Ligand SMILES: *Cc1c(COP(=O)(O)O)cnc(C)c1O
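Numbering (the working numbering), first residue to last: -6 to 395.
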């Protein structure tokens, strides 16, 4: 019967990650379905008016409205929390909803944020354009150097916000060093862990406070739905994040939650195979283009730090050609197997030119300061046979004069 109504954390948290990925969070209905059910309902009915009142007062367990709770969504939240080793998780409609909520829920006018220079374009828009309108200032640092975080601290610094590895330059942040600086000053670290996922890197183990995700990427992993997640302590999730998200409503749909639940079952398998493929493709490209930004390659200056923090390479890296946007676009246009697409974490190999797509909303001088050059291309290596991907790149490189 216990299996039908839910799970006991004291048991599930001791499961190995492979077990958590398949069974974590499963709560069965009275039908005893093996695969998690999809509860497409916006509301819930009560046996009597007193029950409704008690649930709204928080005196009775149960659900009231799907902006606040949904069984399918809660199953995914529990699965991600278990894999992350976090006390709590809340999912969001998209990765950007997750990043926005994780930051906005805890800052007020007069606060200050320190952010890594290399970041997803919209994460930079958040701090460059949105937060200043509400009196929150940001200092941008080269996140590869922990000292720069230390030096940027002001009395009103509230949050360190960074990605590792970062999109699309693949800058690696020393999690242990930067989180220790934050702890010492009572600053909250928010780590965007979309590239690694808990399958490869668990920032909480290095002292991070909040880990946020675009679950659109490796967690769904098959390019189907948008989703996001924020994980952390129960105190942060329940007392700081929830009041913000319950009332502003960036809620994940139960359908999308179900798709990501299915994706999580195969996350570990996919990310390790894609990592192997990415290493093969990265080693090939290293011999053909002037610069490959892939810390999993032994030649990369941050290789040792990367290997200390990550269990495998991950599927994503970038590389640079000398001929700027013209040559980068020519290479993309010559691809036959790899798709021109700005998504990542898909089981298909995809390539994009960040400066004209994902980072086009970032002002040009900021883009260059981030290290996003006109000749940079970002590659997501999929589950195809790596030899086919390499053959396609080989012919496209030649077509682009490389
Ligand atoms: C894709 C991405 C996001 C945004 O996620 P969406 O699901 O597209 O909203 C944020 N951060 C990183 C690092 C990403 O790759």
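Glycine residues also receive a C-beta, built at the ideal position from the N, C-alpha and C atoms. Because the structure is a prediction, the values reported are computed rather than measured.
query, result
"Got a sec, what are the start and stop residues for the beta strand (DSSP E) residue 83 sits in?", "81 to 85"
"From residue 353 to residue 8, what distance separates their C-alpha atoms?", "43 angstroms"
"What is the DSSP secondary structure of residue 337, counted as helix, strand or coil?", "coil"
"So, at 7 angstroms on beta carbons, what are the nonlocal neighbours of residue 374 in its own chain, with the 5 sequence-adjacent residues on each side left out?", "267, 270, 271, 274, 308, 342 and 382"
"For the beta strand (DSSP E) that contains residue 371, what are its first and last residues?", "369 to 373"
"Specify, as a first and last residue, the run of the beta strand (DSSP E) that residue 269 falls within.", "Residue 269 -> not in any beta strand (DSSP E); alpha helix (DSSP H) instead, spanning 260 to 279."
"Classify residue 44 as helix, strand or coil using the three-state DSSP reduction.", "helix"
"So if DSSP puts residue 174 in a beta bridge, which residue, or which two residues, is it bridged to?", "Answer is none; residue 174 lacks a bridge partner."
"Is any heavy atom in ligand 1 found nearer than 7 angstroms to the beta carbon of residue 160?", "yes"
"Give the list of continuous alpha helix (DSSP H) stretches no shorter than 4 residues that lie fully inside the region 105 to 130.", "114 to 118"
"With distance defined between alpha-carbon atoms, name the residue in 48, 89, 105 and 28 nearest to residue 68.", "28"
"Go through the region 287 to 332 residue by residue and report every complete run of the alpha helix (DSSP H) that reaches 4 residues or more, in order.", "296 to 302 and 317 to 327"
"Give the straight-line distance between the Cα atoms of residue -5 and residue 217, rounded to the nearest whole angstrom.", "With a pLDDT of only 43 at residue -5, under the threshold of 50, the placement of this residue in the model should not be trusted; the figure read from the coordinates follows. One C-alpha to the other measures close to 32 angstroms."
"When the Cβ atoms of the region 385 to 394 are set against those of the region 357 to 368, are three or more pairs found closer than 8 angstroms?", "no"
"Which term fits residue 108, buried or exposed, when burial requires 16 or more other beta carbons within 10 angstroms of its beta carbon?", "buried"
"Using a Cβ-Cβ cut-off of 7 angstroms (strictly less than) and excluding sequence neighbours within five positions of residue 110, which residues of its own chain qualify?", "133, 134, 135, 136, 362 and 363"
"Within a Cβ cutoff of 7 angstroms, which residues of the same chain sit near residue 145, ignoring the five residues on either side of it in sequence?", "107, 132 and 134"
"Hey, is the region 237 to 252 in contact with the region 84 to 101, meaning 3+ C-beta pairs nearer than 8 angstroms?", "yes"
"Only counting the same chain, and skipping five residues up and downstream in sequence, which positions put a Cβ closer than 6 angstroms to that of residue 33?", "247"
"Within the present structure, is the beta-carbon of residue 79 separated from the nearest heavy atom of ligand 1 by less than 7 angstroms?", "no"
"Which word fits residue 116, buried or exposed, when buried means at least 16 other C-beta atoms lie within 10 angstroms of its C-beta?", "buried"
"Return helix, strand or coil for residue 73, following the three-state DSSP convention.", "helix"
"Relative to the alpha-carbon of residue 204, which residue among 350, 347, 260 and 230 has its alpha-carbon at the smallest distance?", "230"
"Quick one: what's residue 5 bridged to in DSSP?", "DSSP, once it has assigned bridges, lists no residue as partnering residue 5."
"Can you give me the Cβ contacts of residue 390 inside the same chain, cut-off strictly under 7 angstroms, excluding the 5 residues immediately before and after it?", "281 and 324"
"DSSP on residue 203, reduced to helix/strand/coil?", "strand"
"Please report the Cβ distance between residue 31 and residue 222, rounded to the nearest whole angstrom; I am assuming they are in contact, meaning their Cβ atoms lie under 8 angstroms.", "The pair is not a contact, with the Cβ atoms about 18 angstroms apart (cut-off 8 angstroms)."
"If we ignore side chains and look at the alpha-carbon of each, how far apart do residue 299 and residue 163 end up?", "10 angstroms"
"Is it buried or exposed, residue 199, if we count other Cβ atoms within 10 angstroms and call 16 or more buried?", "buried"
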